[in-house]
Ligand SMILES: Cc1cc2nc3c(=O)[nH]c(=O)nc-3n(C[C@H](O)[C@H](O)[C@H](O)COP(=O)(O)O)c2cc1C
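Written out as structure tokens, the structure reads:
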């Protein structure tokens, strides 16, 4: 009689188990991918709404998003380009055919995609009430991804959200803290002469400083992350980021109607 515990039998059983497990894991990975995509998209939409201050618990994300125009902009010209449902900003930033390396790279992102997303929120009368801009930049450990929402004056921050990063919880991870994010509301980006004045203080902003309108408090014990946040906001609001789009919109006599 054949020995059930022979080496060849043990190997056959082990191989069989491996094969079955591999099939189960790959099937799960393939079948769950569309659900993951849907959830990832819903999570981004939720963060756009949160940054814009248009989110209330219990809302239906899809419905709330109906008043938001999702558009694509050419960063260099500031002109909108044809919308492409399949556009993936992260993939675009990595693809040499869809991005370019940055010489001056204060946000530590290496390359910038040629095209970027813009979310325009409108009220029921169709007037522009928020412009939400995706931003990303390097902190201490990771690339931090967020949304910065602007009032129709295109200079006053109406909110911020950070939805993906690998900073340390309790230190750099405090960028997610709603209490820290609250102080962004009403902060201005450019001063009266049009220069970018936004900055993140090292620790709390000292009282009485003349540029308090443009500053938010730093994160104690996480100055490197906070510096990364400052650099990314300044980069994305500047000439290499959304600067050309914002300048073009500001030049229109009635931005709220035109866009
Ligand atoms: C385990 C560990 C994790 C840290 N995580 C962060 C972080 O996520 N962001 C950050 O800016 N600093 C982090 N730091 C602290 C930095 O090394 C640095 O000390 C700090 O950014 C300086 O900020 P401060 O001047 O406010 O103390 C971490 C330090 C340690 C030991």
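Numbering (our numbering), first residue to last: 164 to 422.
Glycine included, C-beta positions come from ideal geometry on N, C-alpha and C.
All values derive from a computational prediction rather than experimental measurement.
Asked, Found
"In terms of DSSP beta bridges, what is residue 237 paired with?", "278"
"Could you tell me whether any non-hydrogen atom of ligand 1 is closer than 7 Å to the CB of residue 383?", "yes"
"Ligand 1 and residue 335: does the residue's C-beta get closer than 7 Å to at least one heavy atom of that ligand?", "yes"
"Within 10 angstroms of the Cβ of residue 297, are there 16 or more other Cβ atoms? Answer buried if so, exposed if not.", "buried"
"Per DSSP, residue 232 forms a beta bridge with which residues?", "283"
"Please determine, among 246, 227 and 393, the residue with the shortest C-alpha to C-alpha distance to residue 279.", "246"
"Got a sec, what are the start and stop residues for the beta strand (DSSP E) residue 312 sits in?", "306-313"
"Quick check on residue 293 - is its C-beta less than 8 Å from some C-beta in chain D?", "Judged by its chain identifiers, the structure shown contains no chain D, having just a single protein chain."
"Relative to the alpha-carbon of residue 408, which residue among 293, 281 and 387 has its alpha-carbon at the smallest distance?", "281"
"By the DSSP assignment, the alpha helix (DSSP H) with residue 225 in it spans what residues?", "224-227"
"For residue 320 and residue 213, what's the separation of their Cα atoms in angstroms?", "13 Å"
"Residues bridged to residue 319 by DSSP?", "351"
"Residues bridged to residue 293 by DSSP?", "284"
"Does the distance from the CB of residue 338 to the CB of residue 253 come in under 8 Å?", "no"
"Quick check on the DSSP output: the alpha helix (DSSP H) that includes residue 365 runs from which residue to which?", "Residue 365 -> no alpha helix (DSSP H), and no H or E assigned at all."
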